[in-house]
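Engineer:
Protein chains: 2
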Amino acid sequence: MARTKGDHEARRRDVSEAVWRVLAAHGFAGLTLRAVAAELGATTGLLTHYFPAKRDLVVHALDLLAERTASRPRRAAGQGLSALRAALLDILPLTAEATASNRIWVSSWDTALADPELSADYARKYAHGRTRLTDLVSAAQQRGELPSGDPERIAAGAQSFALGLVVQALFDPAAFPPQRQAELLDDYLTSLTSLAAARSPYEEPPVSAGPVATAAP
Amino acid sequence: MARTKGDHEARRRDVSEAVWRVLAAHGFAGLTLRAVAAELGATTGLLTHYFPAKRDLVVHALDLLAERTASRPRRAAGQGLSALRAALLDILPLTAEATASNRIWVSSWDTALADPELSADYARKYAHGRTRLTDLVSAAQQRGELPSGDPERIAAGAQSFALGLVVQALFDPAAFPPQRQAELLDDYLTSLTSLAAARSPYEEPPVSAGPVATAAP
DNA sequence: TCATTCACACAACAAGCGTTACGGTTATGT
DNA sequence: ACATAACCGTAACGCTTGTTGTGTGAATGA
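Chains as they are written, first to last, in UniProt numbering: chain A, 1 to 217; chain B, 1 to 217.
1) Under a CB-based cut-off of 8 Å, is S119 of chain B close to chain A?
2) Please confirm whether L89 of chain A and L189 of chain A have their CB atoms less than 8 Å apart.
3) What residues from chain B crowd round D187 of chain A, counting only those whose CB sits closer than 7 Å?
4) Cutting at 6 Å between CB atoms, please list the residues of its own chain near A77 of chain A, excluding the five before and the five after it.
5) Name the chain A residues whose beta carbon is nearer than 7 Å to that of T69 of chain B?
6) Using 8 Å as the limit for Cβ to Cβ distance, is F51 of chain B near chain A?
7) Among residues of its own chain, excluding the 5 on either side of R12 of chain A, which ones have a beta-carbon nearer than 7 Å to its beta-carbon?
8) Which residue wins for smallest C-alpha separation from Q141 of chain B, given the options B:P93, B:T193, B:S160, B:E67?
9) Determine the closest residue to E97 of chain A out of A:H8, A:D121, A:P178, with distance taken between C-alpha atoms.
10) Please confirm whether L184 of chain B and A156 of chain A have their CB atoms less than 8 Å apart.
11) Examine chain B for any beta-carbon lying closer than 8 Å to the beta-carbon of S191 of chain A, and answer yes or no.
12) Does the beta carbon of W105 of chain B come closer than 8 Å to any beta carbon on chain A?
13) Does the stretch 161–168 of chain A come within contact of the stretch 163–176 of chain B, defined as at least 3 CB pairs closer than 8 Å?
14) Name the two residues that bound the continuous alpha helix (DSSP H) containing P147 of chain A.
15) Candidates B:L64, B:D56, B:L195: which alpha carbon is nearest W105 of chain B's?
16) How big is the Cα-Cα spacing for D115 of chain B and A123 of chain B?
17) Could you give the distance in angstroms between the alpha-carbon of R72 of chain B and the alpha-carbon of L94 of chain A?
18) If you reduce the DSSP assignment to three classes, tell me which class I154 of chain A lands in.
19) What are the boundary residues of the alpha helix (DSSP H) that T43 of chain A is part of?
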């Protein structure tokens with residue numbers, strides 16, 4: 001029935017992997033059907049056979065990347081705080097593979113922010129990640145490894161920290177080798193650990209203070 | 001000498017501002033000379049008159065954005081920890097203008113990561129920001145408002161936190177309104193404040209632990 | 001075995017891109 | 001007042017892009 005005895009879906013995976021390679025090397029600006037075809041050692045005919053349009057190609061590649069990232073072998077996690085640490089480490093570009101994934105991910109933000117539908121999709125995705133982290137924070141709190149405090153807020157902070165570290169490490173891998181990333185993360189977790197349960201020991205003026213006005217059009 | 005009595009440089013600023021508007025609305029994928037010209041109410045002839053090529057147009061727009069961001073009115077900063085807080089707040093998308101700037105900035109990461117020269121430029125830029133933060137951290141430490149500890153590391157952590165919060169706020173402005181961003185930042189600063197000077201109260205296996213191998217090709 | 005169907009190469013398409021050339025208009029220096 | 005040069009609209013160029021159509025060889029099912 002087919003030249004390659006091939007699964008239809010398996011070929012689509014091959015194509016998506018070629019998309020990843022092109023994206024990791026040249027970004028979205030360099031993502032053309034011909035570039036993907038060349039990377040695959042094929043022609044655009046193959047691509048259009050498996051994907052009706054470029055948009056579908058990209059969507060499938062990103063979906064597959066997310067899925068694969070979610071289901072990739074995660075590091076051995078203990079319980080409580082240790083599990084939180086493991087989850088955050090799994091986000092960081094500590095390996096070549098994770099670096100490529102993160103690079104693609106960061107690159108896709110341009111496209112995502114320009115498309116409201118995609119943007120909402122991403123927001124949902126990050127919100128989901130936050131609830132996952134929230135559970136881990138709660139568990140760590142119940143074991144007494146983290147002081148009390150709104151677990152959702154702590155999780156949001158942790159996600160911010162990890163996300164920002166990803167970006168920095170991508171731009172300056174020399175300044176942020178794996179070990180340093182882990183050190184910085186541990187610094188962060190340590191500061192969470194020793195956080196007094198009583199809120200804010202110092203008082204500051206509200207955000208709107210200063211010469212810059214608060215948002216709102 | 002000219003149709004508009006115009007400063008040459010002033011017109012170039014006008015053009016760059018049109019570039020910002022197009023970028024904020026449609027991202028780099030939607031940045032075409034014709035789109036910029038339309039946004040400006042002019043034609044591509046004007047653009048090519050002021051910029052020899054598209055690349056120069058983009059570079060100038062981003063340079064100007066960085067310059068303007070650096071020199072925009074900053075919120076009243078106190079001393080020490082308060083100054084650090086102010087500097088970090090100035091990064092966040094708390095105003096409509098800052099949101100647009102950050103959105104453009106994040107979008108440019110795709111292009112930047114694909115170009116080694118630009119990438120190095122960005123890395124230098126962030127490194128510079130880190131040294132600026134490092135000074136603020138040192139000052140806060142000398143006033144006893146922050147526990148001792150490598151100020152450079154604390155600054156790197158703070159920058160990561162702010163950067164990640166920027167990204168989250170861009171994708172989910174509803175979940176991260178200005179006040180919440182400030183709360184999360186204050187949470188972070190509070191945790192720094194109460195950080196015990198003695199290092200890491202908990203012990204963990206090294207990074208390379210777990211099923212995932214460490215980087216290095 | 002023969003018709004069919006899948007898998008893909010190949011080639012051509014229109015649309016949109018950055019860039020270039022040109023020409024008319026307007027303000028300026030002399 | 002006149003030459004000059006800046007300003008910028010107009011239009012065309014060649015190229016690349018995503019997409020479409022056609023054709024061919026291999027595998028399949030009857």
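We put the beta carbon where it would ideally sit given N, CA and C, even for glycine.
Structural biologist: Looking at the atomic coordinates:
1) Residue contact check for S119 of chain B against chain A: a CB pair falls below 8 Å.
2) Contact: no.
3) Within chain B, the residues near D187 of chain A are R153, G157.
4) These residues qualify, in order along the chain: A83, A86.
5) Chain A residues near T69 of chain B: none, gap ~12 Å exceeds 7 Å.
6) Chain A, which has no Cβ nearer than 8 Å to the Cβ of F51 of chain B, makes this no.
7) Excluding residues within five positions, the ones whose Cβ falls inside 7 Å are Y50, H60.
8) When only C-alpha atoms are compared, the closest one is B:T193.
9) Nearest option by C-alpha distance: A:P178.
10) Going by C-beta atoms, L184 of chain B is nearer than 8 Å to A156 of chain A.
11) Output row for S191 of chain A: interface = yes.
12) Chain A contact via Cβ: absent.
13) Yes, they touch.
14) That residue, P147 of chain A, is in no alpha helix (DSSP H); it is neither H nor E in DSSP.
15) If we check each option's Cα against that of W105 of chain B, B:L64 comes out closest.
16) Whole-angstrom Cα-Cα distance: 12 Å.
17) So the two alpha carbons sit approximately 36 Å from each other.
18) Helix.
19) Premise fails: T43 of chain A is in no alpha helix (DSSP H) and is neither H nor E.
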